[in-house]
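Contents: one structure, followed by commentary.
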Amino acid sequence: MTATPGERRIVLVRHAKSVPKDAAATDFERPLADRGRQEAPQTGQWLEDSGRCLDLALCSSALRTRQTWQLMEARLTGPPPVVYEDRLYNAERDALLAVLAETSEAVGDLLLVGHNPGIHEVAVALCGTGPKRLLGRIRDGFPTSAVVVIELAGNWREVEPGAGRLMVFWAPGD
Numbered sequence: 101m102t103a104t105p106g107e108r109r110i111v112l113v114r115h116a117k118s119v120p121k122d123a124a125a126t127d128f129e130r131p132l133a134d135r136g137r138q139e140a141p142q143t144g145q146w147l148e149d150s151g152r153c154l155d156l157a158l159c160s161s162a163l164r165t166r167q168t169w170q171l172m173e174a175r176l177t178g179p180p181p182v183v184y185e186d187r188l189y190n191a192e193r194d195a196l197l198a199v200l201a202e203t204s205e206a207v208g209d210l211l212l213v214g215h216n217p218g219i220h221e222v223a224v225a226l227c228g229t230g231p232k233r234l235l236g237r238i239r240d241g242f243p244t245s246a247v248v249v250i251e252l253a254g255n256w257r258e259v260e261p262g263a264g265r266l267m268v269f270w271a272p273g274d
């Protein structure tokens, strides 16, 4: 989906459930748990069924986020190109917003696969408006494999806290 001038959407996805921290050599190398391997394809199927046409996927380079994306991507008829970005690994809110600000204006719908707490903090910060029930839900947490869709006005360089409208909050089991 190519954006009309001034229209942007960001699709935030928290990586699927991973194995506990002590089950891998390093945090960066933590793979998905069985539950994560089951839920990530559900997230991809939800994206496919929603009819969203993504222009670009940005994905943390950590193993669990790459695995999440690959399982999601397998369910998409027309997956977007993906960029594995080291700066997204366990990034805080401001670092994530800085990466968003670098996005090409040719990108209308952007998917970002990341980690908590940063991905949750970005979702809460960007959602200035939206249905009260969804706003309350996003403030309460961002479960693994969940999807948040935020509509933004303007260009990517203008993305700032409060600038977005929460459109969708979905999690496996919804």
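Counting from 1, position 66 in the sequence shown corresponds to residue 166 in this note's numbering; the numbering is continuous, with no gaps.
C-beta atoms are modelled at their ideal positions from N, C-alpha and C, and glycine is treated no differently.
Residue from L252, R193 and A133 with nearest C-alpha to G214: Translated into positions along the sequence shown, residue 214 becomes position 114. Out of L252, R193 and A133, R193 has the C-alpha closest to the C-alpha of G214.
Decide if the region 221-230 is in contact with the region 257-269; the criterion is three or more beta carbon pairs, one per stretch, under 8 Å apart. yes
Best match in A195, A133 and L210 for proximity to D122 [C-alpha to C-alpha]: In the sequence shown, residue 122 corresponds to position 22, counting from 1. The option with the nearest alpha carbon to D122 is A133.
Would V183 and L158 be called neighbours here (beta carbons separated by less than 7 Å)? Walking along the sequence shown from the start, residue 183 turns up at place 83. Walking along the sequence shown from the start, residue 158 turns up at place 58. The beta carbons of V183 and L158 sit closer together than 7 Å.
Using a threshold of 7 Å, state whether the C-beta atoms of K117 and R135 are closer than that. As a working note, residue 117 is residue 17 in the sequence shown. As a working note, residue 135 is residue 35 in the sequence shown. Yes, these two residues count as a Cβ contact at 7 Å.
Quick one, are the C-beta atoms of E185 and P179 less than 7 Å apart? For the purposes of this step, residue 185 is taken as the residue at position 85 of the sequence shown. For the purposes of this step, residue 179 is taken as the residue at position 79 of the sequence shown. It is not a contact, given that the beta carbons lie outside the stated cut-off.
Residue span of the alpha helix (DSSP H) that contains V222, given as start and end: In the sequence shown, counting from the first residue as 1, residue 222 sits at position 122. First-last of the alpha helix (DSSP H) with V222: G218 to L226.
Starting from the C-beta of L235, find all residues in its chain whose C-beta is less than 7 Å away, skip the five residues before and the five after it, and write them out in chain order. Counting from one through the sequence shown, the residue named residue 235 turns up at place 135. Counting only Cβ-Cβ distances below 7 Å, and skipping sequence neighbours, we find C227 and L266.
Among the candidates E258, L154, E107 and D127, whose CA atom is the shortest distance from the CA of L212? Translated into the one-based positions of the sequence shown, residue 212 becomes position 112. Checking every option, the nearest Cα to that of L212 belongs to L154.
Do V222 and L277 come within 7 Å of each other at the CB atom, strictly closer than that value? As shown, the chain starts at 101 and ends at 274. That puts residue 277 outside it, with no answer to give.
Per DSSP, what kind of secondary structure is V259 in: helix, strand or coil? By 1-based counting over the sequence shown, the position of residue 259 is 159. Correct three-state label for V259: coil.
Taking C-beta to C-beta, are E248 and L112 nearer than 7 Å? Your numbering for residue 248 matches position 148 in the sequence shown. Your numbering for residue 112 matches position 12 in the sequence shown. It is Val, not Glu, that sits at residue 248 in the sequence shown. Against a cut-off of 7 Å, the Cβ pair of L112 and V248 comes out as a contact.
Return the chain-ordered list of same chain residues with a C-beta closer than 6 Å to the C-beta of A271, the five sequence neighbours on each side being excluded. Reading the sequence shown from its first residue, position 171 is the one you call residue 271. Excluding sequence neighbours, A271 sits near P243 and A246.
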